[in-house]
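Those sequence lines, one after another, are chains X and F.
Residues in the first sequence are numbered from 118 upward in steps of one, following this note's numbering.
Residues in the second sequence are numbered from 118 upward in steps of one, following this note's numbering.
Here is the structure we will look at, set down as structure tokens.
Protein chains: 2
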Amino acid sequence: MMDKDKIDKKDHILDVAEKVFSELGYDGASTRMISGEAGVNMAMLNYYFGSKEGLYLAIFERKISAFRTLLQNIGNDDSISAWDKMERCIDNYVERIIANNCFQKLINRELTLNKRTELTDKMANILMTNVHEFKKILQEGVDKGLFCKDIDQELTIMVIFGTKNYLINSSHMSSRVMGHDILDPNYLETQLKPRMKAFMKQLLKSYLVKQ
Amino acid sequence: MMDKDKIDKKDHILDVAEKVFSELGYDGASTRMISGEAGVNMAMLNYYFGSKEGLYLAIFERKISAFRTLLQNIGNDDSISAWDKMERCIDNYVERIIANNCFQKLINRELTLNKRTELTDKMANILMTNVHEFKKILQEGVDKGLFCKDIDQELTIMVIFGTKNYLINSSHMSSRVMGHDILDPNYLETQLKPRMKAFMKQLLKSYLVKQ
DNA sequence: CAAAATTAATCAATCGTTTGATTAATAAAA
DNA sequence: TTTTATTAATCAAACGATTGATTAATTTTG
């Protein structure tokens, strides 16, 4: 078997595992189920990834690289205002979140557990880079007198992360509140995405920006 | 043994189970662990509640009654404005959420799963009563010309629910963002609660209410 | 052939549940 | 009021099923 195929097969397992984990949680997803759905022998999971936890970590490792580069491009552009940065931040954030909603579920599913592990710390570290990026922009807006100086920066970030999280992760509730199936890719792409972008901008602008 | 003791013991099991389930999830929490932590024989769980799922459902049944009464008192008061209702709504909501944060975790933990079951539908129905109460107030504000008519009612509700959810449920992240241990009851009560109330009011007022 | 990939079979451990026996509490009968 | 019967509560032990992991044998690849 060629390397290309091997990589493809590993990637295929990761794709399936990502989906199954996000749907059923870490404990709820069994290695038999994952291997069955991926069409490979169960022992292959251990052969490739060592253990169930190794497989779980591998899913994250695969995505981390794509995270940071996107963050760097936002906020480091000195040619635009803090609010323009925030707008671009929101656009990119919503865009990325919806594209990787399966991965987002996977992350937050384990972060809602209270038990602190090496795994949860690792995940939190990754997400905190996003937080700092947002905070940097908020602080810049305040320093330059564009944003109100009495804004609650931490809770503002909570709003951004929390709203996204609830929409994507609590699909039972969000589907009923929104009146559409939140899992429908077409609705996500054509309706919710632009609506979400517009709403977050308007909400944050009215709160952050001085009148 | 008196009835009082029996009820107390069942309640004690429910208390412990609620905590363990919320910390470890449905799959992650074993009946042995729950019974061990509650100091009762493992068979008692099945004796009292029939099954693990029966125990899980019993936790919900116990809380449902307290939900609806609180909702009725808000919004049905015709002597105050829509915005005042919203303020009272936020106050009561934050108050209740923080008091029952363990239960909140338990609810949302299973609602983040994609699988639709009788259980998840039941939970969603309960939460939707909250949604309708908020929506009624939003609509009233729009109808009476107090709120902007182009507000996004559904996503506004998503903000309220989502922000609360992220703060309480994703304690790993929210603790790091807020700079305090979110699980510390003292911090919750004396600092986060008033801060949360003030922030949500200011955020929503600047977005909803006409200038 | 030798190395890597893949398989079926099997491992001990743990899962939720059930069992039969025992004790404590209540009701009925004398 | 005793004595007897009935019910509820509790327990240790064991059930079959499933878990993640490992083994040894087989196939594929270079």
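No residue lacks a Cβ here, since even glycine has one placed at the ideal position from N, Cα and C.
If you're wondering where the values come from, they're calculated on a predicted model, not measured in any experiment.
Could you tell me the distance, in whole angstroms, from the CA atom of residue 240 of chain F to the CA atom of residue 255 of chain X? Spanning the two alpha carbons is a distance of roughly 37 Å.
Please confirm whether residue 324 of chain F and residue 268 of chain F have their CB atoms less than 8 Å apart. Yes; because the gap between Cβ atoms is below 8 Å, this pair is in contact.
Just the chain F side, please: which residues come within less than 9 Å of residue 231 of chain X by C-beta, in chain order? Near residue 231 of chain X (Cβ distances below 9 Å), the residues of chain F are 139, 140, 141, 222, 288, 289 and 300.
Rounded to a whole number of angstroms, what is the C-alpha to C-alpha distance between residue 274 of chain F and residue 169 of chain X? Residue 274 of chain F and residue 169 of chain X: Cα-Cα distance of roughly 38 Å.
Unbroken alpha helix (DSSP H) runs of length 4 or more, entirely within the segment 211 to 259 of chain X: which are they? Counting only runs of 4 or more, we get 218 to 228.
Which value, in whole angstroms, describes the spacing of the CA atoms of residue 157 of chain X and residue 145 of chain X? Taking the straight line from one Cα to the other gives about 19 Å.
Tell me the residue span of the alpha helix (DSSP H) that contains residue 318 of chain X. It spans 310 to 325 - the alpha helix (DSSP H) in which residue 318 of chain X sits, taken as one unbroken run.
Quick one: Cα of residue 208 of chain F to Cα of residue 164 of chain X, how far? CA-to-CA, the gap between residue 208 of chain F and residue 164 of chain X works out to about 54 Å.
Counting only Cβ pairs nearer than 9 Å, list the residues of chain X close to residue 237 of chain F. Simply 289.
Which value, in whole angstroms, describes the spacing of the CA atoms of residue 119 of chain X and residue 308 of chain F? The pLDDT assigned to residue 119 of chain X is 39, lower than 50, so where the model puts this residue is not dependable; a value taken from the coordinates is nonetheless given after this. Going from the Cα of residue 119 of chain X to the Cα of residue 308 of chain F covers about 59 Å.
What in chain X is Cβ-close to residue 274 of chain F, meaning under 8 Å? Chain X residues near residue 274 of chain F: 294.
Hey, out of F:134, F:291 and F:312, whose CA is closest to residue 179 of chain F's CA? Minimum Cα distance to residue 179 of chain F is reached at F:134.
Contacts around residue 188 of chain X, its chain only, beta-carbon distance under 8 Å, and the 5 residues preceding and following it disregarded: Excluding its 5 nearest sequence neighbours in each direction, residue 188 of chain X has C-beta neighbours in its own chain below 8 Å: 246, 247 and 250, listed in chain order.
With 7 Å as the C-beta to C-beta threshold (strictly closer), list the residues of the segment 142 to 169 of chain F near chain X in chain order. Residues passing the 7 Å Cβ filter: 142, 144 and 145.
Among residues of its own chain, excluding the 5 on either side of residue 219 of chain X, which ones have a beta-carbon nearer than 8 Å to its beta-carbon? Here residue 219 of chain X has 135, 136 and 139 as same chain residues with Cβ atoms under 8 Å from its own Cβ, once five neighbours each way along the sequence are excluded.
For residue 149 of chain F, collect the residues of the same chain with a Cβ closer than 8 Å to its Cβ; drop the 5 residues on either side in sequence, then sort them by chain order. Excluding residues within five positions, the ones whose Cβ falls inside 8 Å are 159.
For residue 283 of chain F, collect the residues of the same chain with a Cβ closer than 8 Å to its Cβ; drop the 5 residues on either side in sequence, then sort them by chain order. Cβ neighbours of residue 283 of chain F beyond the five flanking positions: 290 and 291.
Check whether chain F comes within 8 Å of residue 193 of chain X, counting only Cβ atoms and requiring the distance to be less than that. Not an interface residue.
Which residue or residues does DSSP assign as beta-bridge partners of residue 264 of chain F? According to DSSP, residue 264 of chain F bridges with F:326.
Taking only beta-carbon positions, decide if residue 248 of chain F is within less than 8 Å of chain X. So, interface residue.
Rounded to whole angstroms, what is the Cα-Cα separation between residue 193 of chain X and residue 242 of chain X? Between residue 193 of chain X and residue 242 of chain X, the C-alpha separation is close to 20 Å.
Proximity test, Cβ basis, 8 Å: residue 245 of chain X and chain F: By this cut-off, residue 245 of chain X is an interface position.
Return the residue from the list X:223, X:311 and X:153 that minimises the CA-CA distance to residue 142 of chain X. Residue 142 of chain X has its Cα closest to that of X:223, out of X:223, X:311 and X:153.
Quick check: residue 280 of chain X and residue 276 of chain F, are their CB atoms within less than 8 Å of each other? For the pair residue 280 of chain X and residue 276 of chain F, the CB atoms are nearer than the 8 Å cut-off.
Beta-carbon separation (whole angstroms), residue 295 of chain X vs residue 227 of chain F, contact threshold 8 Å: Contact flag wrong, Cβ pair sits at about 20 Å.
Against chain F, does residue 241 of chain X count as a neighbour if the rule is that its beta carbon must be under 8 Å from one of theirs? For residue 241 of chain X, the answer is yes, since a Cβ of chain F falls inside 8 Å of its Cβ.
Kindly indicate the opening and closing residues of the alpha helix (DSSP H) around residue 108 of chain X. There is simply no residue 108 of chain X to check, as chain X begins at 118 and stops at 328 in what is shown.
Just curious, the alpha helix (DSSP H) that residue 274 of chain X is in, first and last residue? Per DSSP, residue 274 of chain X belongs to the alpha helix (DSSP H) from 270 to 286.
For a contact defined as C-beta to C-beta under 7 Å, what are the partners of residue 283 of chain F on chain X? Here the neighbours are 275, 278, 279 and 282.
Among F:230, F:127 and F:202, the one whose alpha carbon lies nearest that of residue 172 of chain F: Across the set F:230, F:127 and F:202, the C-alpha of F:127 shows the shortest separation from the C-alpha of residue 172 of chain F.
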